[in-house]
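In the working numbering, the protein residues as written are 1 to 425.
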């Protein structure tokens with residue numbers, strides 16, 4: 001599996017790699033728009049005042065993907081780059097920035113649980129001399145933007161050498177918590193102490209900052225790597241009694257993490273939302289009649305042990321932002337088929353649906369012909385306008401919003417974001 005930004009995957013027999021995108025919205029004035037009709041294209045006659053919608057972008061810090069542009073910049077330079085992303089969001093009439101603040105079991109704030117992220121200074125554990133998360137929250141709110149703090153629960157490192165971690169890193173203090181897999185280190189989700197610890201580490205930011213949401217991406221159990229084994233047999237032997245198989249036990253571990261985190265967030269601050277941005281396919285219909293009409297090579301339920309549809313149906317999360325990173329008409333995973341599937345998945349649950357959009361693919365010569373058309377993403381929003389359950393879109397990632405290789409973001413803004421609107425609440 002090839003890593004693309006936050007992740008990569010193989011879809012169907014064609015072996016098409018897919019990456020990461022998210023949908024989130026921003027704040028603003030009312031504007032007359034076509035009246036939406038459930039499950040059908042928007043009408044052309046009747047109009048109404050625009051309802052709130054999420055318009056967002058992800059800003060990734062892992063491997064300095066978006067920000068900071070490189071490690072070791074001065075605090076002033078890092079702050080200036082961060083502010084530039086927030087200003088870009090305002091200029092694009094977005095209303096939400098999803099900032100990655102815990103990329104590899106580390107922190108972009110002075111955490112008592114984990115070391116400073118190496119992507120700031122180049123050295124894990126080294127104080128960067130300022131508080132990035134605190135600054136991001138303050139500056140985002142000054143601009144009328146929501147700030148969603150994006151955490152990765154279990155990834156420890158993008159290598160397998162524990163000696164490269166900071167000396168005080170919890171993964172070094174508790175080596176029994178960690179498993180190598182696919183060239184990376186992960187916390188073992190089957191250990192109850194691990195689940196409690198990662199929750200404590202993330203919730204510290206909820207207590208200390210006025211963040212608008214806790215946001216997770218699609219990494220739970222790691223994406224499958226051919227020929228490698230995630231060796232949690234001993235953990236399963238210790239904790240797996242009563243489950244029919246390891247897969248059911250693993251899914252229960254992930255369920256516990258989601259449910260417990262949701263409950264703890266609301267106990268700390270009721271107004272802080274909890275959103276998850278999963279890989280876009282829960283299960284293929286060939287695997288499960290409830291699944292989507294897709295032939296994806298990865299299914300979150302079966303391969304990541306993440307019952308994303310179940311979390312929605314049980315109301316454990318406030319929003320779901322599936323990464324529907326494929327073009328309209330893509331054979332293995334058609335945007336036009338996944339959009340209505342997710343719309344039905346959230347119907348009646350009270351869970352908001354935001355759509356993750358693959359802006360990073362626009363103009364990439366390695367992508368199918370549809371992505372060479374600057375209008376492809378705008379057509380996604382045209383299609384989504386026909387589904388009442390869709391409450392916004394999020395774009396991956398920040399640097400692609402800024403560079404806008406072929407003008408796809410310009411087209412989205414010109415066609416759909418002519419006025420500012422507020423996020424759903």
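Ideal placement from N, C-alpha and C gives every residue a C-beta, glycine not left out.
In the structure shown, residue 197 adopts helical secondary structure according to DSSP, grouped into three states. Counting only runs of 4+ residues, the alpha helix (DSSP H) found wholly inside the stretch 366-410 occupies 376-384, 398-403, in chain order. Using a 10 angstroms sphere on the CB of residue 142, the tally of other CB atoms stays under 16, which defines it as exposed. Spatial neighbours of residue 240 in its own chain (CB-CB distance under 8 Å, excluding positions within 5 residues in sequence) are listed in chain order as 190, 246, 249. By the 16-neighbour rule on beta-carbons within 10 angstroms, residue 212 is buried.
Note on geometry: alpha-carbon atoms of residue 409 and residue 316 lie some 32 Å from one another.
Taking one beta carbon from each stretch, the stretch 181-197 and the stretch 288-300 have fewer than 3 pairs nearer than 8 Å; the two do not touch. Burial is judged here by how many other beta carbons sit within 10 angstroms of a residue's own beta carbon; residue 263 has fewer than 16 and is exposed. Under the DSSP assignment, residue 102 falls in the beta strand (DSSP E) whose first and last residues are 96-102. When secondary structure is reduced to three states using DSSP, residue 213 falls in the strand class. Distance from the Cα of residue 275 is smallest, within the candidate group 252, 322, 298, 305, for 322. Here DSSP, grouped into helix, strand and coil, assigns residue 78 to helix.
The alpha-carbon separation between residue 118 and residue 201 amounts to approximately 17 Å. Between residue 177 and the set 195, 168, 253, the nearest pair of CA atoms involves 195. Separation of the CB atoms of residue 89 and residue 101 is rounded to 16 Å, and the pair is thereby denied contact status at 8 Å.
For the 8 Å CB-CB criterion, residue 313 and residue 301 do not form a contact.
Considered as a whole, the stretch 213-246 harbours 213-216 as its complete beta strand (DSSP E) runs of no fewer than 3 residues, in chain order. If one requires a minimum length of 3 residues, the beta strand (DSSP E) runs lying completely within the stretch 302-375 are 352-357, in chain order. Exclusion of the five residues before and after residue 58 leaves 22, 98, 396, 397 as the residues of its chain whose Cβ lies within less than 6 Å of its Cβ. Contact between residue 223 and residue 298 holds: their C-beta atoms lie close to 7 Å from each other, under 8 Å.
Closest by C-alpha distance to residue 133, out of 167, 174, 214, 122, is 214. One thing to note: residue 354 has its Cβ no nearer than 8 Å to the Cβ of residue 309. Residue 56: member of the beta strand (DSSP E) spanning 54-59, first to last residue. Here residue 178 is bridged, per DSSP, to 187. DSSP lists 100, 215 as the beta-bridge partner residues of residue 150. Collapsing the DSSP output to three states places residue 418 in coil. Contact between residue 254 and residue 221 holds: their C-beta atoms lie close to 7 Å from each other, under 8 Å. For the 8 Å CB-CB criterion, residue 146 and residue 423 form a contact. Among the bridge pairs identified by DSSP, residue 155 is matched with 186.
The DSSP-derived three-state label of residue 171 is helix. With a cut-off of 8 Å on Cβ pairs, the stretch 224-232 is not in contact with the stretch 160-171, counting fewer than three such pairs.
Restricting attention to 344, 346, 393, 350, the CA atom closest to the CA of residue 358 is found in 393. Counting the other CB atoms within 10 Å of its CB gives residue 352 a total of 16 or more, which places it among the buried residues.
For residue 134, the enclosing alpha helix (DSSP H) starts and ends at 132-142.
In the three-state scheme derived from DSSP, where H, G and I count as helix and E and B as strand, residue 292 is classed as strand. Around residue 60, the same chain offers 66, 100, 397 as residues with beta carbons nearer than 6 Å, after the five sequence neighbours per side are excluded.
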